[in-house]
Amino acid sequence: MEKNYKSMNAIKVGIYSAWLLAIFALLTFILALIAVPPSGPYCPGNCMNYPYPDILTYFPRDYYWMYLVVIQLCLFLILMIANHFNAPVEKKIYTLISVAFAIISTTILLADYFLQFSVIPISVMKDQTDGIALLTQYNGHGIFIALEELGYSMMSIAFLFLSPAYTMKNRLEKVLHWVLLLPFILNTFAFIYYSVQFGLDRDYRFEVATLSINWLASIISGILLGIFYRRKIKEIEEAA
63 MEKNYKSMNA IKVGIYSAWL LAIFALLTFI LALIAVPPSG PYCPGNCMNY
113 PYPDILTYFP RDYYWMYLVV IQLCLFLILM IANHFNAPVE KKIYTLISVA
163 FAIISTTILL ADYFLQFSVI PISVMKDQTD GIALLTQYNG HGIFIALEEL
213 GYSMMSIAFL FLSPAYTMKN RLEKVLHWVL LLPFILNTFA FIYYSVQFGL
263 DRDYRFEVAT LSINWLASII SGILLGIFYR RKIKEIEEAA
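Positions in the sequence shown are counted from 1; adding 62 to them yields our numbering.
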């Protein structure tokens with residue numbers, strides 16, 4: 063009875079964090095699509111160039127999504143931990159590695175986003191612009207973009223190591239297994255493609271690709287894991 067109670071707690075954390083991750087990832091994606099970049103290769107027109115003097119013109123519009131992604135990342139980490147607690151003993155080596163890469167990813171990205179919306183706008187408002195060009199999100203080969211690329215690459219590895227936990231016993235687990243496996247494959251392909259095409263001057267092309275891949279994976283896997291854990295709850299209730 064106590065074992066079932068503990069299992070139920072872990073499953074409930076899994077189901078709530080899964081649904082919330084899917085919701086916040088979707089909302090973040092929508093807001094990010096509205097924030098069309100005013101610089102770089104995907105700029106639709108009237109583009110801003112180095113040293114990016116018009117940053118405040120796009121504040122706060124281009125920063126709203128960052129507040130949501132902070133919540134999204136916290137939910138992602140909670141879900142990865144819940145997956146580890148709910149995994150079979152023989153699969154816990156994979157889920158623990160997944161949690162480790164999730165921590166790396168979340169740490170990098172939380173720092174990146176928090177610094178972006180907490181430091182850049184106020185520094186420009188106060189005319190403290192030394193070094194801002196290297197830090198701003200509008201610099202396609204700046205620190206912000208590089209950390210996003212690293213953070214989301216680590217996230218794809220976290221998804222990769224989570225995939226063996228779902229052993230394809232049924233259709234849901236088969237789909238979930240591939241949804242978790244694909245981000246790493248697509249991420250690797252995108253990095254190679256943009257590196258071959260553009261070399262070091264790939265700008266934010268790979269960043270957009272890896273971000274989109276991992277956010278879509280978060281939405282879809284969040285929904286599927288929510289369904290998976292909901293079924294687990296029903297199984298425990300029926301067995302009680």
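C-beta: ideal position from N, C-alpha, C; glycine also.
Closest Cα partner of phenylalanine 138 within the set Ser160, Tyr120, Pro113, Ala149: By one-based count along the sequence shown, residue 138 stands at place 76. The shortest C-alpha separation from phenylalanine 138 is found at Ser160.
Boundaries of the alpha helix (DSSP H) in which histidine 239 is found, first to last residue: Locating residue 239 in the sequence shown gives position 177, counting from the first residue. Unbroken alpha helix (DSSP H) run through histidine 239: 233 to 260.
Whole-angstrom C-beta distance between leucine 242 and leucine 224, which should lie under 8 Å: Looking up residue 224 in the sequence shown gives position 162. Looking up residue 242 in the sequence shown gives position 180. Yes, they are in contact, since the Cβ atoms of leucine 224 and leucine 242 sit about 5 Å apart, within 8 Å.
Beta-carbon spacing of leucine 287, alanine 80 below 7 Å: Within the sequence shown, residue 287 is the residue found at index 225, counting from 1. Within the sequence shown, residue 80 is the residue found at index 18, counting from 1. Cβ atoms of leucine 287 and alanine 80: closer than 7 Å.
Inter-residue CB distance, proline 82 and leucine 135 (contact presumed, cutoff 8 Å): Mapped onto the sequence shown, residue 82 falls at position 20. Mapped onto the sequence shown, residue 135 falls at position 73. Going by the sequence as given, residue 82 is leucine instead of proline. Wrong, their Cβ atoms sit about 12 Å apart, outside the cutoff.
Reference tyrosine 114, options Leu222, Gly261, Gly202, Thr229, closest by Cα: In the sequence shown, counting from the first residue as 1, residue 114 sits at position 52. Closest option to tyrosine 114, Cα to Cα, is Gly202.
Assigned secondary structure, cysteine 136 (DSSP; H/G/I helix, E/B strand, else coil): Translated into the one-based positions of the sequence shown, residue 136 becomes position 74. Cysteine 136: helix per DSSP, three-state reduction.
Secondary structure of glycine 202, DSSP reduced to three states: Translated into the one-based positions of the sequence shown, residue 202 becomes position 140. Glycine 202: coil per DSSP, three-state reduction.
Cβ distance (whole Å) where alanine 84 is taken to contact isoleucine 285 below 8 Å: Counting from one through the sequence shown, the residue named residue 84 turns up at place 22. Counting from one through the sequence shown, the residue named residue 285 turns up at place 223. Confirmed, Cβ separation roughly 5 Å.
Under the three-state DSSP convention, the category phenylalanine 121 falls into: Position 59 of the sequence shown holds residue 121. Residue state, collapsed to three classes: coil.
Bounding residues of the alpha helix (DSSP H) (the contiguous stretch that carries asparagine 276): Start at 1 with the first residue of the sequence shown, and residue 276 comes out as number 214. It spans 267 to 301 - the alpha helix (DSSP H) in which asparagine 276 sits, taken as one unbroken run.
The stretch 257 to 270 / the stretch 93 to 104 touching (three or more Cβ pairs under 8 Å): yes
Straight-line Cα distance separating proline 99 from glycine 23: For residue 23 there is no data in the structure shown, the boundaries of the chain being 63 and 302.
Of the residues Met142, Ala173, Gln199, the one placed nearest arginine 123, counting alpha carbons only: Walking along the sequence shown from the start, residue 123 turns up at place 61. Minimum Cα distance to arginine 123 is reached at Gln199.
Separation of tryptophan 240 from alanine 227, as counted between CA atoms: Numbered from its first residue, the sequence shown carries residue 227 at position 165. Numbered from its first residue, the sequence shown carries residue 240 at position 178. One C-alpha to the other measures close to 12 Å.
Between the CA atoms of leucine 93 and leucine 177 - distance to the nearest angstrom: Against the sequence shown, residue 177 aligns to sequence position 115. Against the sequence shown, residue 93 aligns to sequence position 31. One C-alpha to the other measures close to 19 Å.
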